[in-house]
Amino acid sequence: MDHIEELARAFAHLPGIGPRQGKRFVFHLLASPPEERKKFAELIASLGKGVRQCPECLRFYNGSTALICNYCSDNKRDDTQLMLVEKDQDLAAVERAGTYRGRYFVLGGVLMLTGKGAIREAQLLETVRRRLTVGLKEIVLALSATSEGEHTVDHIRLLLAPYRDKVKTSLLGRGLATGSELEYSDAETLRAALSNRKET
Ligand SMILES: [Zn+2]
Numbered sequence: 050m051d052h053i054e055e056l057a058r059a060f061a062h063l064p065g066i067g068p069r070q071g072k073r074f075v076f077h078l079l080a081s082p083p084e085e086r087k088k089f090a091e092l093i094a095s096l097g098k099g100v101r102q103c104p105e106c107l108r109f110y111n112g113s114t115a116l117i118c119n120y121c122s123d124n125k126r127d128d129t130q131l132m133l134v135e136k137d138q139d140l141a142a143v144e145r146a147g148t149y150r151g152r153y154f155v156l157g158g159v160l161m162l163t164g165k166g167a168i169r170e171a172q173l174l175e176t177v178r179r180r181l182t183v184g185l186k187e188i189v190l191a192l193s194a195t196s197e198g199e200h201t202v203d204h205i206r207l208l209l210a211p212y213r214d215k216v217k218t219s220l221l222g223r224g225l226a227t228g229s230e231l232e233y234s235d236a237e238t239l240r241a242a243l244s245n246r247k248e249t
């Protein structure tokens, strides 16, 4: 396979990027000064070095010394609540809204209606069991108000069914418009969705 095609395919693996856009990126890079391409390549190559994945919430964070992220190590946060989000950017949006003070778990994806996609099921169950020993009372299902988000919520409710008598699950309130992704919701909307959350 030629070089252009190979790099275009690599780009097409990124979320939301198709083969045609992948090719656009390649030709853009070809037209860029070599120093710029070098800088770009170096940033990608060094990405894994300064960034760690938190073993508790599974989010990525900057830092080479701390063993767990700042949210998991903060003992002022509320151990009775655990929020499940699809991805790191959703967690960041909830933090920007500034009212949630509980713990997090990043699912790492959603389940598609076609059966594709995956979430971190084994780690989720392990986290729930561990959190139950430190006083977990509520799991907040903070997924996007999309059909994939709803499908994923249904699946998680089945997964968590054995714990139903120990922990309640709640859904974000409908302040979140249908079809909207958590990541792009403004702080005000998220605050409303959080305070209007409903037990499922
Ligand atoms: Zn963490």
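In this text, residue positions in the sequence shown follow the working numbering: the first is 50, and each later residue adds one.
We put the beta carbon where it would ideally sit given N, CA and C, even for glycine.
It should be emphasised that the depicted structure is a prediction, and the values quoted were computed from it without experimental measurement.
Problem - Proximity test, Y149 beta-carbon vs ligand 1 heavy atom, cut-off 7 Å - result: no
Handout entry: Burial state of F154 (16 or more Cβ within 10 Å)
Key = buried
Exercise for the section: Can you check DSSP and say which residues form a bridge with Q130? Expected result: E187
Exercise for the section: Report whether the distance from the Cβ of E232 to the nearest heavy atom of ligand 1 is below 7 Å. Expected result: no
Exercise for the section: Note down, one range per segment and in chain order, each alpha helix (DSSP H) of at least 4 residues found wholly within the segment 84-147. Expected result: 119-122, 137-146
Practice task
Would you mind sorting S95 into buried or exposed? The rule is 16 or more other CB atoms within 10 Å of its CB.
Solution key: exposed
Exercise for the section: Could you tell me whether the Cβ atoms of L160 and T218 are closer together than 8 Å? Expected result: no
Exercise for the section: Kindly give me the distance between the Cβ atoms of V183 and D128, rounded to whole angstroms, as I take these residues to be in contact under 8 Å. Expected result: 5 Å
Problem - Any non-hydrogen atom of ligand 1 closer than 7 Å to R108 Cβ - result: yes
Handout entry: Chain-order list of residues whose beta-carbon lies under 7 Å from that of E144 (same chain, five-residue window excluded)
Key = none
Practice task
Tell whether a beta-carbon distance below 8 Å holds between A80 and G71.
Solution key: no
Exercise for the section: Report yes if the C-beta of I66 is less than 7 Å from at least one heavy atom of ligand 1; otherwise report no. Expected result: no
Practice task
Taking only heavy atoms of ligand 1 into account, decide whether any of them is closer than 7 Å to the Cβ of E170.
Solution key: no
Exercise for the section: Run the proximity test for E105: is its beta-carbon closer than 7 Å to any non-hydrogen atom belonging to ligand 1? Expected result: yes
Problem - L239 - containing alpha helix (DSSP H), residue span - result: 236-244
Practice task
Going by CA-CA distance only, name the one from S244, L140, S196 that's closest to F109.
Solution key: L140
Practice task
Look up Y212 in the DSSP assignment and say whether it is helix, strand or coil.
Solution key: helix
Exercise for the section: Confirm the yes/no value for this check: CB of Y120, any heavy atom of ligand 1, distance under 7 Å. Expected result: yes
Exercise for the section: Could you name the residues of the same chain whose beta carbon sits closer than 7 Å to that of R126, not counting the 5 residues immediately before and after it, in chain order? Expected result: Y120, R150, G151, R152
Handout entry: Spatial neighbours of V134 in its chain, beta-carbon cut-off 8 Å, leaving aside the 5 residues before and after
Key = L140, V143, Y153, F154, V155, L156, A191, L192, L231
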